[in-house]
Amino acid sequence: MDSFIVVSLIKTVMVFAVLLTTLAYLQWVERKVIAHIQVRPGPYVVGPHGLLQPLADVVKLLTKEDVRPPFVHKALYLAAPFMAMTLALMSICVIPFGPVIRVGGVSTWMQLTDLNIGVLFVLAISSMGVYGVAFAGWASNNKYALLGGLRSSAQMISYELPMSIAIASPLLLSNTLSLRTLVESQAGSFWHWNVLRGPFPQIFAFVIFLISAFAETNRIPFDLPEAENELVAGYHTEYSSMKFASFFMAEYSNMITVSSMAVLLFLGGWMAPWPVRYGSSIVPTVVFAFAGLIALYHGVHPARRRERYSLPATGIVFLAIAAIFLLPIVQTWLLPLFWFCAKVGAILFAFIWIRGTLPRFRYDQLMGFTWKFLFPAAILNLLVTGFLVAWVS
Amino acid sequence: MPADLMPSSGDLIRILPEMVLTVMGTLLMVLDPLLHKRSSNAFGHLSLVALAAALGATVYAYANEGAAFGGMIVVDGFATFFRALVIVVGILTVLSSCRFLRRQDAETSAYHALLLFSIAGQSMMAASGNLIVVFIALEISSISSYVLTGYLRDDPRSNEAALKYFLLGSFATAFFLYGVALIYGSTGTIDLLAVRAAATGQAGPIAAPLFLGLAAALLFVGLGFKVSAAPFQIWAPDVYQGAPTPVTAFLSTGPKAAAFAVFLRIFMTAFEPGGGGWEPLVWFSALASMTIGNFAALRQSNVKRMLAYSSIAHAGYVLVALTARSAVGASAVMFYLAAYAFMNIGAFAVVGHLSGKGERYQDIEDFGGLGQKQPLTAALFTVFLLSLIGVPLTGGFFGKFYIFKAALESHLVWLTVLGLLNSAVAAYYYLRVLVMMYFREPSQAVNEIEPLAPGLRTALFISAAATLFLGIFPNWVLDFAGQSSTLVK
Amino acid sequence: MAAVPISWFLTLSAVLFVIGAAGFVFRRNIITVFMSIELMLNAVNLSFVTFAYQFKKVDGHLLALFVMVVAAAEAAVGLAIILTVFKRRPSLNIDEVNSMKN
Amino acid sequence: MNLLTVVLLLPLAGFLIALSIPRSSPQASRVWALLLSLGTFAASLGLLAWFDRGVAGAQFTVDLPWISTPDIHFHIAADGVSLWLALLATFLTPICVLISWRHIQKSVKEFYAFLLLLEFGLVGVFIAQDLFLFYVFWEVSLVPMYFLIGIWGHERRIYAAVKFFLFTMAGSVLMLAAIIYLYNRAQTFSYPAIVDMLASGRLAFTPGEQMLLFLAFFVAFAIKVPLFPLHTWLPDAHVEAPTAGSIMLASVMLKMGTFGILHYCVPLFPAAARSCAPWIAVLAIIGIVYGALVAMVQPNMKKLVAYSSVSHLGFVVLGIFSFTQLGMDGAVYQMLNHGITTGALFAIVGLLYERRHSLEIKDYGGVATAAPWLSTAFLVTTLASIGLPLLNNFVGEFLVLQGAAIANFKWAIWASLGVILSACYMLWLYQRVFYGEAGAEVRSHVPDLSLREWAAIVPLIVMMVWMGVYSQSFLPPVGKTTALVLEQSQINVPFRVGMPDRKVIFDAETQRRGEQTEPLKTFSSASLRLRVKTGFSSVEVAHAR
Amino acid sequence: MDVILFLVFALFAVACAINVVVQTHPIASAISLIGVMASLAVLYLLLGAEFIAAAQVIVYAGAIMVLFVFVIMLLNAGAESKSGRSLVAQALGVPSLVALLGILAFFVQRLFPRESATHFGGFTGGTAKAVGKALFTTYLLPFEATSILILIAIVGAIVLAYKEMD
């Protein structure tokens, strides 16, 4: 019992430390990627390649004046960002990052808690996510904020439906609601992943899920709630400093959650794309080693002076990581983690990529799209899956 | 596929009427784009086809009597009677709606679909043998009725009516559900026959009679609302007045009949052996409904509202028969509801016919001189009104007769006497309409009246013929009711 | 572990139900009235689930589930009705919805 | 299908035929109505011809099952009383048709349809042998009368029609309750069967039960009669009704009440009837005197006649509740008399109204000079109404007074006050309307009787004289039936329900019987013999217990 | 532990429920109602109804209440003004409601003695699998019927609230 609490505590601290850092750096990555898409350098001043930019942002937000507009509904105005943030972080609790690991005689799951209705839990929490946005919009006592809040709640409710249904199809294949079991059922090669698995590959469900996920997180092309040219900044128009940051963090946290969900549901979670016996275990080593080598190569001919030191250092770190991945002791838990992070990272990259390329929808198109296309498509997909699953069993 | 997932063909046959209705309802909406620009009345015709098919299915299901879905559906004579009744009510409603809807420029597939769904719900209520099915069927019926009530959304009266109906209906639902919960808690089951077994002490963990009595009281509150029995009648006048007239006709008959069917089914099946001590409750409610309904109706000048109050009073008469707590009483209820359905739908159809575009003319003064201008309409209306009064050779008379006969057999002398006196009071306000129609000069409404549309005329003729038929040869219906009123064999 | 008597759950359910009913009777705001009804339905659900525990049968859960679905359907229709009413009359006070009294 | 059925159904057929005649030809409606009503009358004369006068019970029985649960039959038959009353209805209907020939110009077709439907209901009420069927006819007769008053009546017709309907309805629902109760006890609606069961003791009511049932029936009938103080609807209805409506209402419809009392209240609940008799007799006497007094001060002819009806019907009720053969015979005879006489009064008043368009007495005067034949007819009728010997009312009133005197001498004294008062108001009416100076209005607007009107009035006059001169044509069948009723009314004799002691009345009657039977033999010796026999036997039964 | 959890969430639920009724502002009521629903979800977990608990949050808190909040915001409903009519309701309502509560509590206390107690994990039949299995076998008919119900709700909402574009 005691060890349970201790282990849980340690896991919690670790997960949240990593998560919060990731949140901060996701912001940096996004700016960087979009910058590169638009052929500009992005953050470049604070730290090498602007690596310390997130830190600077945090400092800025913390020290900024906390404006509270008059005539707001006080309690709700204060509670809304808190709610948004809390709900966004809560779903991380049930997301597994890897298989069971053994540290010093204590074996535990790389997951804060395993619910046998994990999927439902995530759905439940994400369905509550609307409130933060809605209350923020309403409590601000500002028509732009209100409209933003309304739009976003409508949008989130609408897209939640195709998303839930899209989730249901892989569940049919895996026959479980526990996220861990879900991943375990996708063990093997990548054609065992739900997205490609027989009897009915869930490619459609995956695409529907991703599209809905974009809308759920209010990302472009579905970022109508904060369409600047119409609604100033939408529901968080009246928010500043840390409260504003909370919404931001909530958004990125949600992105991570849905990406993780996509990975767990469709992409085999922490499972490698092909078995270890065919050499999947050396992939991280190769990747990191390659990255390290590139870094070293660029370090020799740096674009800028300061990088003469930072790039080789990075290269060496990468090589070291590559070496670590070769150690059999850590491989058991590091490899799954790598695959998981790699997949999540890929999806997050897709998020950013799309933001960099696609324009925004018009509002009625947005709603029409989900009700008239996404929702029926999801149902059809579920229907076919159900029939095929029943047929096969 | 696992075998226990598949309902047997017998199961499916026994819910065939509901299936036909829902499928056709959905089909109507799917075909909407195709039919909308074509001939008018296409929806109405399709609905009629659906209802006729459902009627056939009802008969077919009756030929395959028995329980389905593990006792959740019970197809017996009782169920068939009410199924047929609500379907016929539906036919009459559709017939009388077509012209009305076109006059209001409001004909859509959704209206007809909702009507069909509502009827499906009521039909299922009549056949359900399990409280959860009762509940869901009740909600299917209710929710579509809420929407139908508010169907003319540009009319504030319609909006208000929908709101009141909805709020009070949901409130009643909560009570009904709590009653179901208590039954489940005290007997461990919600299957009516099993509840009966538990209540008689054959089974069940904590079947305390008083607890069951409490459950019965809560169920009574819930159903009392649905049948607009006092003291739960407050919604009825506003709702009946505000709803589009064909819908009012429907509301005051179909859902009411189905609710009474459920009432009978629950109280005569589950609570009958123990008694449950619910009679004083019903006794009081019956008397209060009759008295409040009749005396309030005396003061109304709006005919729809007057008929609304009268429908409260009629619910009171039916409750008298329920108080009798006997098979005779049950068959009296069945007969009365059948008679009431025809005369009431007929009466409301005439009101809807007269009221004109936007339902402007509903006042009692507006009926002035109808007898001169449209003698046929007036004559048919007279038949309905006389039947509502309870004049012999009409169905309404025999309905009352059987009810009070049953009550007297159960020694409810005072309730009978008070009920009969009430029906004499009721004569007054029905007569006022007759007076207007025949003894006064034509009003503006009558001068503007349009000729009877064919559909409406058919509906009126059917209703009047049925009213008279039930008044002259009541046996055909009564014998069937008598045979099927013994719910537990 | 200390155990919680079944009756506590049931009493809680009864209390919530009565609070809901009180809200229905005393409140005048249409939406609040509607929410009181939802509260009553929730209370009933608690009873169902408790009884399911009592009998160690899953039926109660099913009943609760159906109640939820019904509540959802009611909410959709009910709120639509409230919207139509509000369109004509910019007040949510139930006492002001009385154009038909005579 | 026997003759009785024909008599019953012909008016119904007439109703349907009248409805199917197109609106555009009112004359056809009139002719059809006349032919059909005459046909009905002819058929009912056949009934009279074939009626077996030697049998006391019901004849021409038709008993067809109608509804199986509860066991309701189409069961009709005629006994001595109902035969005459049915004849009265069929006799008066063609007269009404004639009277209304010119008077009714609005919605002619409907008028005659309703008139024939009314005849159907009235005949049905008298000949129904099934309690349920009786109730059906009772209510069926209500509806056409309601419309007759409401559509073709005078200014305050709506008020009157509604009042008429509601009063009757209020009474009849109580009766319905009682009928249902009776059925639940007896398991049959058949009147003869119930009477049999009561006689054989297979069916017995507790005192309380019997009293309540009796009152439920009685109130319904008393409203219809109308018995004071339930009479208030009557003046309104009579005054506002069209002439034909008034005639049918006064002459036949009121008889539904008295017939009901005689046919149902007394035989079915004899003990209760007897224990209530003193009270009812007192009400009847109040009605006689009160009706006469009020009639005296009426400025309106129709109202006057209406109140005189209250008074006359008081005699009928008194006669029935004297529980003597004489009283009952007289009561039945008085029913017929009143039907003829008051029918004639209303008819002639209607003719006056048709001419002068007023019912106020002050608008007339000197009609005798303008229309001598009309005045003569009215004079005969007036005299009949007063109770002049050799005219019909005399016989009935005399018998009733005799019966009342046997039961309680004081009743007879008070009731005879009514006879005297009727002479006052009727003669005074005649004087004011027909004598004196004829005004210009009257002279120019009041022509004498036309041929059609003659045809309507003469049969009535003839009947008045016939019934007054040779009552033996009518009384024997009546006597047989009333004797039977009287016999039935003595079942279950030693019985008290906290009312005045019935036995005292009864004993008084038996004592007086010996002294007073002789002079009465002139009127109905046959019936008297029966009465004595049954009276004694029942008393013996009573003492044996 | 169970008792503490129960008491905490039961009291929270009651407090929120009272708040639903006494708050004059609908949005405050709505939030309180969400509180009730959330704490009920926890209580469901205590009773071994994990699927229902999840459904409670998803359906009630996540869908129904969102609709409520949405409508409140859409109508921009303000605080309720007091109206005088409720006197009669109070006169009749308070005693009858108190009586109802009293009767219910009395029966509950009498019929369910303290021995019949719950503890966490005492019933594990409330899994999604068990519920689902019952749903598609025993309760197939009501399940199908609810689908009609949902269809009606959709159609109904459209009929009532759809705005023509003309």
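Going down the list, the protein sequences come from chains A, B, C, D and E. Everything in the first sequence is counted per our numbering, starting at 1 for the first residue and increasing by one. Everything in the second sequence is counted per our numbering, starting at 394 for the first residue and increasing by one. Everything in the third sequence is counted per our numbering, starting at 883 for the first residue and increasing by one. Everything in the fourth sequence is counted per our numbering, starting at 985 for the first residue and increasing by one. Everything in the fifth sequence is counted per our numbering, starting at 1530 for the first residue and increasing by one. All residues carry an ideal CB built from backbone N, CA and C; glycine is no exception. These numbers come from a predicted model, not from an experiment.
Worksheet item: In chain order, what residues of the same chain lie with their CB nearer than 6 Å to the CB of A:P312, ignoring the 5 residues before and after it?
Response: The residues L296, G299, in chain order, have a CB closer than 6 Å to that of A:P312 in the same chain once the five nearest residues on each side in sequence are set aside.
Discussion item. Check whether the region 86 to 100 of chain A and the region 150 to 164 of chain A are in contact - that is, three or more C-beta pairs closer than 8 Å.
Written reply: They do not touch, by the three-pair rule.
Practice prompt. Taking only beta carbons into account, state which residues of the region 953 to 965 of chain C come closer than 7 Å to chain E, listed in chain order.
Written response: A953, A954, A955, A957, A958, V959, L961, A962, I963, I964, L965
Discussion item. Closer than 6 Å to a non-hydrogen atom of the ligand COA - does that hold for the CB of D:G1314?
Written reply: As for the ligand COA, it is missing from this structure, which has no ligand bound.
Practice prompt. Kindly provide the ranges of any alpha helix (DSSP H) runs that are 4 or more residues long and lie completely inside the region 641 to 698 of chain B, ordered along the chain.
Written response: 647 to 658, 672 to 691
Discussion item. Taking 6 Å as the limit between beta carbons, can you name the residues of its chain near B:G621, skipping five residues before and five after?
Written reply: First, the residue type needs correcting, since residue 621 of chain B is Ser and not Gly in the sequence shown. Cβ within range, chain order: A629, I705, A708.
Discussion item. Between which two residues does the beta strand (DSSP E) holding A:W193 run?
Written reply: From DSSP, A:W193 is part of no beta strand (DSSP E); its letter is neither H nor E.
Practice prompt. Please name the residue or residues paired with A:A80 in a DSSP beta bridge.
Written response: The partner list for A:A80 (beta bridge, DSSP) is empty, contrary to what the question assumes.
Worksheet item: Which class does D:F950 belong to by DSSP, given the choice of helix, strand or coil?
Response: This structure gives no information on residue 950 of chain D, because the portion of chain D shown stretches from 985 to 1529.
Discussion item. Counting only Cβ pairs nearer than 7 Å, list the residues of chain B close to D:M1153.
Written reply: A817, A820
Discussion item. Could you tell me the alpha carbon to alpha carbon distance between A:G368 and A:A154, rounded to whole angstroms?
Written reply: 12 Å
Worksheet item: Interface residues of chain C around E:G1577 at Cβ under 7 Å?
Response: Residues of chain C with a Cβ closer than 7 Å to the Cβ of E:G1577 are, in chain order, Y935.
Worksheet item: Using a C-beta to C-beta distance shorter than 7 Å, which residues of chain B count as neighbours of E:I1681?
Response: L507, F510, I533, I536, S537
Practice prompt. Indicate the three-state DSSP secondary structure (helix, strand or coil) for D:V973 in the structure shown.
Written response: Summary: the structure shown does not reach residue 973 of chain D, with chain D confined to residues 985 through 1529, and so no result is reported for it.
Discussion item. Which complete alpha helix (DSSP H) runs does the region 277 to 363 of chain A hold, if anything under 4 residues is left out?
Written reply: 283 to 300, 307 to 324, 328 to 357
Worksheet item: Going by beta carbon distance, what residues of the same chain come within less than 7 Å of B:I583, once the five residues before and after it are set aside?
Response: N523, L524, I525, V573, I576, Y577
Worksheet item: What is the C-beta distance between B:V482 and B:I738, in whole angstroms, given that I count them as a contact (C-beta under 8 Å)?
Response: 6 Å
Worksheet item: What does D:S1052 reach in chain B if we use C-beta pairs closer than 8 Å?
Response: N868, D872
Worksheet item: What span of residues does the alpha helix (DSSP H) with A:I95 cover, start to end?
Response: Looking at the DSSP string, A:I95 is not in any alpha helix (DSSP H), and its letter there is neither H nor E.
Item to complete: Please list the partners that C:V926 has in chain E, where partner means a Cβ-to-Cβ separation under 8 Å.
Response: Going along chain E, no residue has its Cβ under 8 Å from C:V926, so there is no contact; the nearest lies around 11 Å.
Worksheet item: Where A:F16 and E:V1588 are concerned, what is the direct C-alpha to C-alpha distance, given to the nearest angstrom?
Response: 29 Å
Discussion item. With distance defined between alpha-carbon atoms, name the residue in C:F899, C:P887, C:F906, C:G902 nearest to C:D977.
Written reply: C:F906
Item to complete: For my contact list, D:N1284 and D:L1336 are in at a C-beta cut-off of 8 Å; report their separation, rounded to the angstrom.
Response: About 12 Å separates the beta carbons of D:N1284 and D:L1336, which is beyond the 8 Å limit, so they are not a contact pair.
Worksheet item: Run through DSSP, which three-state label would C:N911 get?
Response: strand
Discussion item. Between which residues of its own chain and C:V940 is the CB-CB distance below 8 Å, once the five residues before and five after are set aside?
Written reply: So the list reads A934, once near-sequence residues are dropped.
Discussion item. If we define contact as Cβ-Cβ less than 7 Å, is D:N1377 a contact residue for chain B?
Written reply: no
Worksheet item: Within 7 Å (strictly less), CB to CB, does B:R341 reach chain C?
Response: An answer regarding residue 341 of chain B cannot be provided, because it is not within the stretch 394 to 882 covered by chain B.
Discussion item. Quick check: what's the CA-CA separation for B:L428 versus B:G437?
Written reply: 11 Å
Worksheet item: What is the DSSP secondary structure of A:P70, counted as helix, strand or coil?
Response: coil
Discussion item. Counting only beta-carbon separations shorter than 7 Å, does B:V713 have a partner in chain D?
Written reply: no
Worksheet item: Is it buried or exposed for A:S8, if we count other Cβ within 10 angstroms and need 16 for buried?
Response: It counts as exposed.
Worksheet entry | Where the region 1137 to 1150 of chain D meets chain B: residues whose CB sits under 8 Å from a CB there | R1141, I1142, A1145, V1146, F1149, L1150
Worksheet entry | Proximal chain A residues relative to E:G1591, where beta-carbon distance stays under 7 Å | A124, S127, M128
Practice prompt. Take D:R1496 and list the residues in its own chain whose beta-carbon comes closer than 6 Å to its own, dropping the five residues that flank it on each side.
Written response: Residue placement at D:R1496 cannot be trusted, given a pLDDT of 48 that sits under 50; the coordinates are not used to answer.
Discussion item. So, for B:F790: in the same chain, excluding its five sequence neighbours on each side, which residues have a beta-carbon less than 8 Å away from its beta-carbon?
Written reply: S780, G783, V784, G864
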